[in-house]
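So the sequence shown is numbered by this note's numbering: it starts at -13 and just counts up by one. Note that CB positions come from ideal geometry on N, CA and C, so glycine has one too. Everything below concerns the one structure shown next.
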Amino acid sequence: MLPAASDGGKGDWTPRKIDYRPLKIGNIEIGFPIVQAALSGYSDWPMRKLAREYGASYTLCEVMLDQFLVNLKDRNKNRHFLYNTPDEQPVAGQLMGAEPEQFSRGAERLAAAGFSVIDINFGCPVKKVVCKNAGAGILRDIPLMVKLTEAMVKRTNLPVTVKTRLGWDSDSIKIVEVAERLQDVGIKAISIHGRTRVQMYKGHADWKPIAAVKN
-13 MLPAASDGGK GDWTPRKIDY RPLKIGNIEI GFPIVQAALS GYSDWPMRKL
37 AREYGASYTL CEVMLDQFLV NLKDRNKNRH FLYNTPDEQP VAGQLMGAEP
87 EQFSRGAERL AAAGFSVIDI NFGCPVKKVV CKNAGAGILR DIPLMVKLTE
137 AMVKRTNLPV TVKTRLGWDS DSIKIVEVAE RLQDVGIKAI SIHGRTRVQM
187 YKGHADWKPI AAVKN
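Pasting the structure below:
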């Protein structure tokens, strides 16, 4: 039950039932389609636990670079990045990188840590990430984007999802084609930021290409 729009602008809010389609990722039933997104520096276990208590049916950990993840030791002070508990499932581990073999090894590390889903971050626009061809940097090389995704799908039995943007810039918005190619190699869901990498977080999000992907 969710609040309805106000009654004639008088400030009276009447609860009404809103129909929705339960969210499902691969063989994992999520249910109510409200999720807690991955937030660098924030979405570790305590935040995810709070999000779950306040109604999030699905959460994601903060993003990890494949190189960082592969080299992470059990006694490392950063081992909390992999911490998750059975009672918070389903929770996704989010991965970012640009080298197929290392990327796949990172996926194996996430699976071994107990995450239910592996989410690939092809959307981070930060310069230090993009200059390594990771995150949104991969939007300049769609064939590599597809290759990385396919390698990960083949390496794990977990559902693989993708987070990305409309394109690198306004002249390279091919998100419908990209989504179809990623679906063809086995992803189970895609989330799209309605801006290009060049836009970063400025301007208005463009929902039309996202609607085209959905349709």
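Residues sharing a beta bridge with residue i, DSSP
i	result
Tyr44	Val21
Ala78	Leu46, Val103
Asn10	The displayed chain sequence assigns Lys, not Asn, to residue 10. Note: Lys10 sits in a beta bridge opposite Glu15.
Ala37	Bridge partners of Ala37: none, in fact.
Collapsed DSSP secondary structure at residue i in the structure displayed
i	result
Asn201	coil
Lys149	strand
His259	Any question about residue 259 goes unanswered here, given that the chain covers just -13 to 201.
Met(-13)	Unreliable placement is indicated for Met(-13), whose pLDDT of 42 sits below 50; the coordinate value is still reported in the next sentence. Here Met(-13) sits in coil by DSSP.
Ile4	coil
Leu55	helix
Ser90	helix
Ser(-8)	Reliability of the predicted coordinates at Ser(-8) is poor, the pLDDT of 46 falling under 50, and the value obtained from them is presented with this limitation in mind. Coil at Ser(-8), not helix or strand.
Ala230	Look at the range of the chain in this structure, -13 to 201, and you will see that residue 230 is not part of it.
Ala84	coil
Ala175	strand
Integer-rounded CB distance, given that residue j should sit under 8 Å from residue i
i	j	result
Ala84	Lys118	6 Å
Val103	Pro76	6 Å
Ile217	Pro195	What the structure shows of the chain is the stretch from -13 to 201, and residue 217 is not part of that stretch, so it cannot be assessed.
Arg183	Leu125	6 Å
Leu55	Gln80	At roughly 10 Å, the Cβ-Cβ gap does not stay under 8 Å, so Leu55 and Gln80 are not in contact.
Ile11	Lys174	5 Å
Ile178	Val146	The pair is not a contact, with the Cβ atoms about 16 Å apart (cut-off 8 Å).
Residue i beta carbon near the ligand GTP (any heavy atom closer than 7 Å)
i	result
Lys194	The ligand GTP is absent from the structure shown, which contains no ligands of any kind.
(message) Is it the case that the stretch 79 to 99 contacts the stretch 161 to 168, given that we only count it when at least three CB pairs across the two stretches are under 8 Å?
(response) no
(message) Three or more C-beta pairs under 8 Å: does that hold for the stretch 27 to 34 against the stretch 5 to 19?
(response) no
(message) For the pair the stretch 129 to 140 and the stretch 152 to 160, tell me if three or more CB-CB distances fall below 8 Å.
(response) no
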